[in-house]
Structure formats: structure tokens, C-alpha cells
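*Asks:* First to last, the sequence lines map onto chains A and B.
Going by full-length UniProt numbering, the first residue of the first sequence is number 1, and it counts up by one from there.
Going by full-length UniProt numbering, the first residue of the second sequence is number 1, and it counts up by one from there.
For each residue, glycine too, the CB sits at the ideal point set by N, CA and C.
Protein chains: 2
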Amino acid sequence: MTRLFNDPDDFAAEMTTGLAAASARWLRAVPGGVVRSTEADGPTVSLVVGGGSGHYPAFAGLVGPGLAHGAAMGNLFASPSTQQIHSVAAAADRGRGVLMSYGNYAGDVLNFDAAQARLRDAGVDCRTVVVTDDVSSAADPALRRGIAGDLCVFKVAGAACEAGHDLDGVERVARLANERTRSLGVAFDGCTLPGAGSPLFTVPDGRMAVGLGIHGEPGIDETDVPTAAGLAELLVRGLLAERPAGAGDRVVPILNGLGSVKYEELYVVYGAVHRLLGEAGLTVVDPEVGEFCTSFDMAGASLTLLWLDDAPGELERLWTAPCDTPAFRRGAVAGHHGTTAAPQDTAAGAPAAVLEGSPGSRACGARVAAAFDAVAAVLDAEADRLGRLDRVAGDGDHGIGMQRGGRAAREAAADAAARGAGAGTVLRHAADAWGDRAGGTSGAIWAALLDALGTALGDTGTPDTAAVAAAVRAAERAVAAAGGAAVGDKTMVDALVPFATVLDERVGAGEDLPVAWADAADAAGRAAEDTARLTARLGRARAHGERSVGTPDPGAVSFALVVRTAGEHLC
Amino acid sequence: MTRLFNDPDDFAAEMTTGLAAASARWLRAVPGGVVRSTEADGPTVSLVVGGGSGHYPAFAGLVGPGLAHGAAMGNLFASPSTQQIHSVAAAADRGRGVLMSYGNYAGDVLNFDAAQARLRDAGVDCRTVVVTDDVSSAADPALRRGIAGDLCVFKVAGAACEAGHDLDGVERVARLANERTRSLGVAFDGCTLPGAGSPLFTVPDGRMAVGLGIHGEPGIDETDVPTAAGLAELLVRGLLAERPAGAGDRVVPILNGLGSVKYEELYVVYGAVHRLLGEAGLTVVDPEVGEFCTSFDMAGASLTLLWLDDAPGELERLWTAPCDTPAFRRGAVAGHHGTTAAPQDTAAGAPAAVLEGSPGSRACGARVAAAFDAVAAVLDAEADRLGRLDRVAGDGDHGIGMQRGGRAAREAAADAAARGAGAGTVLRHAADAWGDRAGGTSGAIWAALLDALGTALGDTGTPDTAAVAAAVRAAERAVAAAGGAAVGDKTMVDALVPFATVLDERVGAGEDLPVAWADAADAAGRAAEDTARLTARLGRARAHGERSVGTPDPGAVSFALVVRTAGEHLC
């Protein structure tokens, strides 16, 4: 379990402060993460990596000459927000373009894509290579999650930047590295996030979950804990069955500990891995044994194979090229010098200016702020339940993400309202704060929803019933555009669409807003119950060993909670 | 807990095999441990480090250019044997002398000193600098244990070797580094050795042991788990109070995780450490945060300060000099190339030749072998109990060490007897095997005891009662010479001396050997009960928070067990 923290809410920020203090030779903090504290002799393409925190050395431990130029650091196990990624990428850009690379998780894709769009709008050439090395996470290679194989893709891309490749060239080798990288992991026990009352997940004593994700995402099998040799066989056999097209007979094995499976155990396993790879006719190149992608003190390990060509070639040259970062170093990197840029504070800086609203809109803004206050209290109370629901199908961070988002929105809304903002500005400030502090998929979606509501309502006049219904419709469209989910996918959209539809109907039929809103909230609640029931069924099926294809998230449940609570204060 | 292993008895050897396969760029296996697989352009002084396994990257992970030349790798948490250390040092020596450096533990001192004596006998100039950084382990700096501060002493000494210093020069800076290195550690929970039924030690839930050793040696205080900032304050305050004489205002902080306190937590703590050092007017140089001396998955952390001079000087230059090892790298080391030396096997090689004994001595040798068979069975059965006794005062490895020693001696004795050896050779082969496989303090002492017995009895004639009593007296003298303990120190000597005395008396009074031996064994048993009672009292006192000055070991208990069992088969 994680024992050392101050206020759990400050953990990620304090971790970044400590990392920057300890690693000033390599990096400095910027809003949203870290960038190199060194400068190359000439500008190169910039590699920006990132993801949730809690996986050190992924991602910030891999920033330095020959590897990444910056890392966007989300909250614990939560995607960095769009703002965070944009801030890091903008600080890392040297005018030759940015390659973004990260593990394939919905929240990361959403936020990195949005940041990429912003960079492109500003004229920065930006590409993305998503890492998909975890063979157990999906049959289709394109849908797989990214785990310890991140390192292979980052290292090859970083070396290509260092070698002076243009953005096309860096993107090409990064994509090739991802196609040639395969990982398989196992876990013996879960981890507990700072301040959490219970582990994020557990594995029964004496058992081993095969293919369990680095946030506890369900695996594909459960067995008794094997011997070290038995585990080596399972991992090597599983990966040899997934040999990528075009791969030669030279491989880089990376045996990774997730946190509390330690070096001596890993070396015992590695001895057998090395022998088995040799017996399979493969030549082992430059192996790595250690901790490259952890999950706090999760008890688990993974094996990654980076498949090279038959003769030492481009990938091998890039993999073995020098690099110098806090957590991964090899050889000597020439042509870099420290920079004197003053370390930037990680705080968000001065508050955004507020344009004062009309008297009616200001009154409405105050009611919106009161609604956020109530919503934050409800999300505080329900965070544990939402986390448990999320654990059945996902990584268990939904409760804590909604809680963080709600608290941040409450503060931002209260501040804006106190400074005379209208309803639109209160909502848009709340949207930014929610997205920035919650991170993850739900953070990005809620930010889009609130921002669209605020834009629709504006800061002048008192919004009437029809204006509210229209604003909700606009929010519905914004969520659909951001998330890509449809009704029936068992996400927040399953509750949002009936809510907007019923609200529209009742308002169209002449109902007052309080009645119309209550009816709409009831419809959202019924939809949420459906997804909750499906989630419970999924949990039981998993407990019986079934591998379900459905992965409902608790977004509908939390959405219904929020609209019911907000309605009591808005209307 | 440690989950991944095959046969626990093979763990250390298999770990070395895996390490050598994964780290061939830096090192290769030799009997007893590992040495560099690279060769410097010109010969330098060789730095040989070592200790028990289970602390990776200490010690084998620190072998490579700019750091150590070889590491003697003992069994888990047990000192390497004299033979192991000698083998590694002989392989590492390049004709300019050997500096040995290791943490201050009784077993390591005993075995490294014996290996040093052998090297000096063979004309190799050899010096020793024992690391004593753990401020909580004793008030007298010379008596303190060595923990994560090992790295500071090794790094400075290795850099001095690399810089071409002669042995005097390397010894001088290593001694200076040790005088300037102070560490303080805490633990939240223990670790379980491969295949063990229970943890080596535990810390109550929600509590923190202050100053607990890396093998679970008792600490100086127990508190509730503090906040990260609270821990930083405790560690910094404790170390500032121990500022060494002659230290300047520049310090290197090393925040070390013991195994399952992970990087994110360490960085949160480090942020506060960094701030507190600055507030104390100190300049932080080149900090390190990570895992440098672990204890499997023990939950704990330690802070080390290496105190430099006021202006950047010799120590700082040596600390920051380049090095390249599996687990610790910085900068680029010039002037080294890989060697083509065939990897040596870690097996002990061909069996030693046996000189056939006289018929009477051969019969006696067969009885000795039968006695070892019975002793090994008893030690198997009692290993857990001996381990528990040892855990009160020491590191809990006595049971497993005696078990390993007994098994190895049984095999060696049976083999020698089958090949026609006399009693003396059977005992001396058993002595070598016991010392080599058991490691630790008790391994070295039992090897000395059995070797002296064998030398005294010889391989000709049937030893009579008087010869046996005289041989036991010789063994008693050998143990006193090797261990330096006296009666009353609550060690094995407390049982050995009454055993030898009573045996002498009874034999002198004309008793037959069976009766005399049984009386002597009874005397040893009574002495052992006294130390066991003291140990139990110590355990209760510690449980009530007392810090006892006595540290009885279970050597008397196991000695009494062995002589009682052996007597039934010898006489």
C-alpha cells in the first residue's frame, strides 16, 4: 500500500516538485508536467510522452537527452488534461514539430488528441503514435492497451529525434517500433492509492491474474502462482505466439517489475526467459531487467519483446543509442548543455479575467455556483461507490476523478460568481477547472459538457426555460463530438441523451423548468440503473471466470447523480 | 512477499545466472559472485564489494567501469563465505592490490577478514574499509551497521581506482567517504524470503519502526506512520544531529526505497527533504532518489547524507565521476573494452581429491557421516524455531544458515566417506561445504570448528576417547580464534566451552565416551537454555519498547542440538 503522502489531493503536485528538485540535471517542471532542463546544440523534433502518474519511471523519469523532451503528468492513474498536454508540448516544441506518444487508454487518447488539435491550430506540426503492446488486452492489435512496451517506442522515437530525423522520419520509426513491440503481464496483488481506504483491486492469495492491466483492468485468465520457470514459460510462449509480421530473429527482452516483485526474483525469472528465447532460435540483444513501468507497489511483472531485424539495423541502432534520463541511461550523449531557464512554477498562474455578467445572468451564475457546491458534496460522498463500480470494468479511478473535478469546479465557480461573472462564465471557468484537475476520460467529457452549456447560456439576460433546454442540447452535441460514444455503449451518453430528450419534450409541452428537469433527471436515473445492473452482472460473470465483451462505465450513474443534485439548486 | 522462485535452495545461484545473462555488458559470473566483463586500458587497484544477496542493486548491480570490480554474493541475507570472497577477489585482482568494502556485519567481517588473510598470504596487497553509516545501530560510529551508504563509499573508492590512485590512495578516500556518510532508515513492514512460511519480521499495521535494520534488526523507536513531510523531518533532523567532524556545507542526499515504498512516494518525501536541507543552510549536490539498497519487498526507506567539503573538492569529484554498471550509471567512462574471457561456471568445479584413510579411521569416518546425516535432519526440523529465535536479536537467518550448512556437510561427508576417507578428511570436507553453503557468521564458525576437529583426529588409527576430547578442545580454541567471543557473550561459545570442559573432565575421570559425551551435551543444553531464556526476555522487553543492550544469538541453542544429535551416532 501507499503510506507516504501529505494531503492525498496534493500528491501528484508534490511528487512533481520532488522529482524536479531531485532531477534538475535532466528536467524542470512546467504547468502540466516536465520538460528537459538541457538544450541540444541544434533544434530537433520534440518527443512528448505522458499519461497518468503512478507508473514511474513512466513517464517523467524518461525525459532527457536521447529520449523524451517532455512528459505530461496526469493525476494518479488518470490521463493528463488537454491543458496539461498542450502546456508541456508547447514548452517542448523547438519548431521542428512534435511527436506525441503514450499508451492507448480512452482518456489519454481524448486529451492528447484535443491537445494535438490545439497545437495544429497554432501552426505546430504534430503527430501521434499510440502504444499498443499489451497482447492480452484485445485480439485486435490496434485496440490493445500500452504497458511497459512504451519504453521501446519512446526510446526509438527519442533516438530518432536525437539523430536529426524530421517529423515524418520520427513518426515512421515510432510506428515501426510499436508494430514490433509485444508485452504480456501478470499480477499477484493490487496496489492502494495514497489515502484510499481499500486496494484498487486484489488477486486472491496464491493466485496469479494473467493479462491484468497496470490499473487493474481485468485479465484473461487466473492460475495458481507458478514457479519462476513456469512464469518464464508462460510469458515467452504467450509472446512467441504473437510474433509480429516482418520480425527477424533478434529480440530485445525487457522484464519489468510492477513494484513489489523485486530484482532478485526478476533475475531468477530472467535466467529462464533467456534460455527459452535461445531455445526458440532467437538472438537476445541488450536485455533489460528492472522497473520501467510500475503501478505503485503492485505485485506483478511483465515481459516485453522488441522484435528487431535479422541483421543489426535501424531499430537496433536506435534502441541501443545513448540516452541520459533520471531513470534510463546508456552510453554518452554528446552535444547537450544545461539551460538557465528559471524553473517555472507548476501552479496554474494568475486567475483568468472575468467579464462581469448582466444582473440577471449574475443571479443565475450564483445559482450555478450553489449547484456546483451541492454537486461537489454529493460526489465527495459517493466517490467510493463510483470507484467500486468502475473497478468492475475499468481502472477504478472514476470516483476519485469525479470527486477531484467536482471540487475544482466548485472552487472555480464560487470564485467566478464572487467576482460578478454571469452564468456562462461561471460554467466555463468550472469546465476548465474540472478538466484540468480531474484528468482522465470523464474529466475531458465533463469539461466539454460544461463549456458547451456555458457558451450556450452566455452572460447576458436571465436564461429562460427554452434557453436551458437548448443549452443542454448543445452540451449533448459537444459530448458526442468529444467522446464518440453512442446510446447503448453504456457510457454517460446513455443517461445524457434521455435527459436532454425528456427535458426538451417537457419544456416543449409547456412544463415549468423544475418539473421538466425533475422528469428528465428521472429518465437519466433509470438509464443509469440499467448500466449499473449490467455492471453488477459483469462483475458476477467475471467472478465466475467469464470474459465479457461489454465494459460499461459508471459515467451514466455519476451523470444522473449530478443532474438530480444540480436541479434542486438551479430551478 | 517473495513469490517467484523454483527450489528456494537454488534461488541465489539462479539469480546469479539470470543477472549474468542480463548484464553481460558489465559483468560475468565467477565462483562466489561476479566480476567485470570489461577490462580497463591499464591495470588499476581493484574494488571488491559484497555481502548477502537480497539487497539488489547492492552488491552485484554495482559492478562495472568506474565502480566495483567484483562482488562476492552470499546466500540470501547471509555473508558470502571466505571461499567465495577469495575467489572473486582473486579474479578481480590486476596486480595493483585489492580494496575490500562492505557493510559492517559480524559474518561479513569474519569472512572478508579470512579472505583478506589468504590473499595476503598469496602476496596480494589487500586492505579493508568497512561501511558504518547506519546512525541508529550503535552510538559508537565504529560499531554501526552499513546500509544504503555503502553506495557512497563504493562509488568514491571505485572512482579513485578509475583515476589511477594506488592502494593507499584508494583506501584513504574510501575511509574518508565512510567517515562522511550517515544514514537513517525506517520500515513499515517486513519481507518474506523465497519459500519461507512467514515474514522475516513484521511491523504493526499503521506503525513505523525507526532505525530498523535492512534484515529486520531491531530499531530504536516505533511511532505511528507519519505524513511524508513528517518523515522527511524525522530523517533530516536525525542526520543533522550526526553531522560528521570536518564536514562542509555541501551534501549529497540519497533517498532510498527498501522495496515496496515506491518512486512517487519517495519523490513526495524528497521534496520536503530538499527544502529542509536548504533551510538548514546546506547546498544540495547531485541528489539520488530510487532503490540503491533493498531488502526484497520490505516496506521502508532510508535517507543517506554524504557530507562534502565547503568548496567542490576531492570527494565531490569522485562522487560525480562517470560510472557504468547495471544499476548505477552517470556520464561516460572512457578507456574500457569488453573482454572475451569465457564466462566461468558458478559451480564449485571438480571434487577435491580424497586421501584414503586407515581401516579404523574409515570406520570412524562412516560414523561421522552418519552423524552428519542425523544432524542435517534435526536442523531441517528445527530451522524455523532457530530462525524465530534469531529474529529477536538478529537478522533471522540463523535457522536457514544452519539448515544449509547441515545439508551441505551431510552431502560432503557422505561423499568423502563413500570414497574411503578417514574421519579427519570427512570432517574437513564437511567443514568446507558447511562454510561455503551456509555463509554468514555461523557458517564461518562451524567451518572453523569442524576443520579443527578433523585436523586433530586425522586419517590414521581409530581415535580413542582421549583423542576425541583433545580434538574438541582444539575445536574450542579454533572457534575462539575465529569469532573472538567469550563465555557470557551469549553466543555459541557459551555452550561450546561447558561442552568441552565437561567432556574433558569425564574422560579424565575414566568415563566411557558415550557417557562422557552425554554429560557434556547436557551441560551444553543447560547453557543453551540460559541464552534462550535471555532471548525470550529480550523479545518481551523489545515488545514493551525497551532498547536492550544484550543481543544473544541462537548459536548456543543450535550447538547444543548438534552435539546431542551427533553423540547418538558417534559414540
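Counting beta carbon pairs with one atom in the region 125–137 of chain B and one in the region 86–100 of chain B, are three or more of them shorter than 8 Å?
*Replies:* At 8 Å Cβ cutoff, the stretches touch.
*Asks:* Under a CB-based cut-off of 8 Å, is B:P343 close to chain A?
*Replies:* Residue confidence for B:P343 is low, a pLDDT of 40 falling below 50, so the modelled location carries little weight; the figure read from the coordinates is stated next. Judged by the 8 Å Cβ criterion, B:P343 is not in contact with chain A.
*Asks:* Taking the straight line between their C-alpha atoms, what separation do you get for A:P351 and A:A430?
*Replies:* The predicted position of A:P351 is uncertain, since its pLDDT is 47 and thus under 50; a value taken from the coordinates is nonetheless stated next. If you take the alpha carbons of A:P351 and A:A430, they lie about 12 Å apart.
*Asks:* With DSSP run on the structure shown, which of helix, strand or coil describes A:S260?
*Replies:* Coil at A:S260, not helix or strand.
*Asks:* Shortest alpha-carbon distance to A:D134 belongs to which of A:D415, A:V268, A:L184?
*Replies:* Out of A:D415, A:V268, A:L184, A:L184 has the C-alpha closest to the C-alpha of A:D134.
*Asks:* Check each residue of the region 260–274 of chain B: if its Cβ is closer than 7 Å to any Cβ of chain A, include it; give the result in chain order.
*Replies:* For the region 260–274 of chain B, which is checked against every Cβ of chain A, the residues closer than 7 Å are S260, V261, K262, Y263, E264, E265, Y267, V268, V269, Y270, G271, H274.
*Asks:* Under 8 Å, with one C-beta from each stretch per pair, do the region 307–325 of chain B and the region 8–20 of chain B reach the 3-pair mark?
*Replies:* No, because fewer than three Cβ pairs between the region 307–325 of chain B and the region 8–20 of chain B fall closer than 8 Å, the two stretches do not touch.
*Asks:* At a Cβ threshold of 8 Å, is A:T346 touching chain B?
*Replies:* Any reading at A:T346 needs caution, since the residue's pLDDT is 38, under 50, leaving its predicted position unreliable; the model's value is listed next. No, because no Cβ of chain B sits closer than 8 Å to the Cβ of A:T346.
*Asks:* Which runs of the alpha helix (DSSP H) fall wholly inside the region 429–509 of chain A and span at least 4 residues, in chain order?
*Replies:* Correct list: 440–457, 465–483, 493–508.
*Asks:* Roughly how many angstroms separate the alpha carbons of A:L453 and A:L561, rounded to a whole number?
*Replies:* Going from the Cα of A:L453 to the Cα of A:L561 covers about 18 Å.
*Asks:* Between A:P351 and chain B, is there a C-beta pair that is closer than 8 Å?
*Replies:* Caution applies to A:P351, whose pLDDT of 47 falls short of 50 and renders its modelled position unreliable; the model cannot decide the point.
*Asks:* Apply the 10 Å Cβ neighbour rule to B:R564 and answer buried if 16 or more other Cβ atoms are within range, or exposed otherwise.
*Replies:* The residue in question, B:R564, is buried, as its Cβ has 16 or more Cβ neighbours within 10 Å.
*Asks:* Figure out for me which residue from A:A528, A:L534, A:L570, A:T16 has the closest Cα to the Cα of B:G271.
*Replies:* Residue A:T16 is the option with its Cα nearest to B:G271.
*Asks:* Would A:T276 pass as a contact of A:V251 if the rule is Cβ separation under 8 Å?
*Replies:* Reading off the sequence, residue 276 of chain A comes out as Leu, not Thr. No; because the gap between Cβ atoms is not below 8 Å, this pair is not in contact.
*Asks:* Around the C-beta of A:T223, are 16 or more other C-beta atoms found within 10 angstroms, so that it is buried, or is it exposed?
*Replies:* With fewer than 16 other Cβ atoms within 10 Å, it is exposed.
*Asks:* Measure from the alpha carbon of B:V268 to the alpha carbon of each residue in B:L305, B:G230, B:S442, B:G510, then state which is nearest.
*Replies:* If we check each option's Cα against that of B:V268, B:G230 comes out closest.
*Asks:* For A:R410, collect the residues of the same chain with a Cβ closer than 6 Å to its Cβ; drop the 5 residues on either side in sequence, then sort them by chain order.
*Replies:* Cβ neighbours of A:R410 beyond the five flanking positions: F372, D373, A376.
*Asks:* CB B:G50 to CB B:F77, shorter than 8 Å?
*Replies:* Not a contact, by the Cβ cut-off of 8 Å.
*Asks:* Taking 8 Å as the threshold (beta carbon to beta carbon), is B:L4 in contact with chain A?
*Replies:* Answer yes: the Cβ-Cβ gap between B:L4 and chain A drops below 8 Å somewhere.
*Asks:* Which of the three DSSP states is assigned to A:Y105 in this structure?
*Replies:* In the structure shown, A:Y105 sits in coil (DSSP, three-state: anything other than H, G, I, E or B).
*Asks:* For chain A, check one thing: does any of its Cβ atoms lie closer than 8 Å to the Cβ of B:Y56?
*Replies:* Judged by the 8 Å Cβ criterion, B:Y56 is in contact with chain A.
*Asks:* Using the three-state DSSP reduction, which class does A:A327 fall into: helix, strand or coil?
*Replies:* If DSSP states are grouped into helix, strand and coil, A:A327 belongs with coil.
*Asks:* How about A:A518 and A:G567: do their beta carbons lie closer than 8 Å?
*Replies:* Cβ distance < 8 Å, so A:A518 and A:G567 count as in contact.
*Asks:* At what residues does the alpha helix (DSSP H) containing B:N178 begin and finish?
*Replies:* Element bounds for B:N178: 167–179.
*Asks:* Leaving out the 5 sequence neighbours to the left and right, which residues in its chain are closer than 6 Å to A:F11 when beta-carbon positions are compared?
*Replies:* Counting only Cβ-Cβ distances below 6 Å, and skipping sequence neighbours, we find F5, P194.
*Asks:* Decide if residue 600 of chain A is buried, meaning its Cβ has at least 16 other Cβ atoms within 10 Å, or exposed.
*Replies:* As shown, chain A starts at 1 and ends at 571. That puts residue 600 of chain A outside it, with no answer to give.
*Asks:* Between B:T283 and chain A, is there a C-beta pair that is closer than 8 Å?
*Replies:* Taking Cβ atoms only, chain A never reaches closer than 8 Å to B:T283, which makes this a no.
*Asks:* Determine the burial state of B:V131: buried for a count of at least 16 other Cβ atoms within 10 Å of its Cβ, exposed for fewer.
*Replies:* Its Cβ being crowded by 16 or more others within 10 Å, B:V131 is buried.
*Asks:* Is the region 230–242 of chain B touching the region 302–309 of chain A, taking contact as three or more C-beta pairs under 8 Å?
*Replies:* The region 230–242 of chain B vs the region 302–309 of chain A: no contact.
*Asks:* Can you say whether B:V549 is buried or exposed, counting buried as having 16 or more other CB atoms within 10 angstroms of its CB?
*Replies:* A caution first: B:V549 carries a pLDDT of 38, below 50, which makes its placement in the model unreliable, though a value can still be read off. It counts as exposed.
*Asks:* Taking CB distances under 8 Å as the criterion, tell me whether A:S361 reaches chain B.
*Replies:* No, A:S361 lies away from the interface with chain B (no Cβ there is under 8 Å from its Cβ).
*Asks:* Spell out whether any CB of chain A is found under 8 Å from the CB atom of B:S79.
*Replies:* No - not a single Cβ of chain A is within 8 Å of the one on B:S79.
*Asks:* Are at least three pairs of beta-carbons, each pair with one atom in the region 195–209 of chain A and one in the region 113–122 of chain A, less than 8 Å apart?
*Replies:* At 8 Å Cβ cutoff, the stretches do not touch.
*Asks:* Is the beta carbon of A:V81 sitting closer than 8 Å to the one on A:A444?
*Replies:* Sequence check: residue 81 of chain A is Ser here, not Val. For A:S81 and A:A444, yes; Cβs fall inside 8 Å.
*Asks:* I'd like the list of long-range same chain contacts for B:A163, defined as Cβ closer than 8 Å, with 5 residues on each side in sequence excluded.
*Replies:* If we look at B:A163 and ignore the five residues flanking it on each side, its Cβ neighbours are L318, A321.
*Asks:* Would you please state the rounded distance, in angstroms, between the beta carbons of A:L151 and A:V45? I believe it to be under 8 Å.
*Replies:* Going by Cβ atoms, the distance from A:L151 to A:V45 rounds to 19 Å, so no, they are not a contact pair.
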